[in-house]
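Under the working numbering, the letters of the sequence shown match residues 2 to 226, in that order.
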Amino acid sequence: MGVAGGIASKIAGKPEGFRHVRAFLADEEVQALNELIARNDGLYTEVHGKGGLGPKYRVIDGDQILARLPAIAALGASRVRPLAEDFAGHPLQPLTSSKRAQRVQSYSRREHGFRWHFDGHAFVALVTLENGNEGQTHFISPRLSRWMRFLLYPLYPFPQLFSALPYEVVTARPGDLLVMRGARVLHRGVSRADAGRRVLLAFTFDPPGKKANPFRDAVARRLNY
2 MGVAGGIASK IAGKPEGFRH VRAFLADEEV QALNELIARN DGLYTEVHGK
52 GGLGPKYRVI DGDQILARLP AIAALGASRV RPLAEDFAGH PLQPLTSSKR
102 AQRVQSYSRR EHGFRWHFDG HAFVALVTLE NGNEGQTHFI SPRLSRWMRF
152 LLYPLYPFPQ LFSALPYEVV TARPGDLLVM RGARVLHRGV SRADAGRRVL
202 LAFTFDPPGK KANPFRDAVA RRLNY
């Protein structure tokens with residue numbers, strides 16, 4: 002079986018909104034990346050959720066990755082991006098903001114996570130390095146998400162309303178890759194246990210030449226880091 006066939010055998014279905022690739026990284030690769038991040042723990046910034054609306058987590062941004070963690074940037078360029086392009090069905094480019102194009106995201110408290118939202122970028126690829134708190138990603142179907150787009154911002158202070166809708170659940174294990182159409186599917190990330198930590202590498206992509214929506218970009222910058 003070739004490399005492509007090996008990856009295909011690990012894919013958990015091919016829903017329209019996301020693709021879950023199990024064991025994208027080998028155990029030894031996961032361990033090496035965790036050790037690299039642990040040696041650079043001082044790079045993390047705590048994000049508290051501006052105005053009580055934004056996400057809460059710890060983050061190492063893309064500029065810090067380029068300067069201090071080039072192995073993560075190389076992983077995104079050489080291995081993550083090709084699979085994201087395969088899922089998208091066309092070429093992709095990293096987000097034009099180098100600070101937001103790639104990140105290390107850590108969730109170590111129960112309140113850490115992202116509420117229901119659409120991304121300002123077209124695609125995001127998440128590589129899980131740790132999931133000691135049973136963290137999950139929840140997806141509302143693309144069809145239902147199209148209707149919810151008109152209600153998201155008026156109802157943004159009341160995320161529990163969206164939790165009443167049917168959604169799919171992905172619990173990624175260390176080494177798994179999750180690629181999603183973040184601008185099209187309403188989704189959130191949650192921590193289910195009080196103890197433990199979830200660590201992700203996040204790589205964001207847009208089609209070549211895509212210009213950011215000024216309103217959505219402003220909201221992302223206001224509520225995110």
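Using N, Cα and C, we set each Cβ at its ideal position, and we do this for glycine too.
Cβ-Cβ distance between residue i and residue j below 7 Å
i, j, result
"V128", "L202", "yes"
"N41", "R59", "no"
"E169", "F140", "yes"
"F204", "Q103", "yes"
"R174", "F88", "no"
"F119", "A72", "no"
"S99", "G77", "no"
Beta-carbon proximity list for residue i, same chain, < 8 Å, skipping 5 on both sides
i, result
"R193", "N134, E135, G136 and Q137"
Buried versus exposed call for residue i [16 or more other C-beta atoms within 10 Å across all chains shown]
i, result
"R144", "exposed"
"G43", "exposed"
"S107", "buried"
"S79", "exposed"
"T46", "exposed"
"A75", "exposed"
"G210", "exposed"
"L152", "exposed"
"G90", "exposed"
"R147", "exposed"
"R101", "buried"
"R182", "buried"
"P95", "buried"
"A27", "exposed"
"A165", "exposed"
Residue from the options whose Cα sits closest to the Cα of residue i
i, options, result
"G236", "K212, K57, L162 and K211", "Residue 236 cannot be examined here, being either before or after the span of the chain that is shown, 2 to 226."
"V186", "H122, L34 and H49", "H122"
"D195", "N132, L84, D28 and Q103", "N132"
"V31", "P95, G176 and L152", "G176"
"A39", "F25, G183, H118 and I61", "I61"
"R241", "K212, G63, V200 and V180", "This structure cannot speak to residue 241, because the chain is shown only from 2 to 226."
"L37", "T97, V105 and K212", "V105"
Cβ shell of residue i (< 6 Å), same chain only, five flanking positions each side left out
i, result
"T172", "Q137"
"S109", "R198"
"E17", "P143"
"L34", "L130"
"V200", "S107, L130 and E131"
Residues near residue i by beta carbon distance below 7 Å, same chain, minus five either side
i, result
"E86", "P92 and L93"
"H49", "K57"
"Q65", "L44"
Residue i CB to nearest heavy atom of the ligand ATP below 6 Å
i, result
"L179", "Inclusion of the ligand ATP in the displayed structure is not the case, the ligand content being empty and no account of it being possible."
Where the beta strand (DSSP E) through residue i begins and ends
i, result
"R104", "Q103 to Y108"
"E135", "First-last for E135: undefined, no H or E at that position."
"A78", "Per DSSP, A78 belongs to no beta strand (DSSP E) and is neither H nor E."
Short CB-CB distance (under 7 Å) between residue i and chain C
i, result
"A203", "The displayed structure is made up of one protein chain only, and chain C is not part of it."
Start-to-end residues for the alpha helix (DSSP H) that takes in residue i
i, result
"R40", "D28 to R40"
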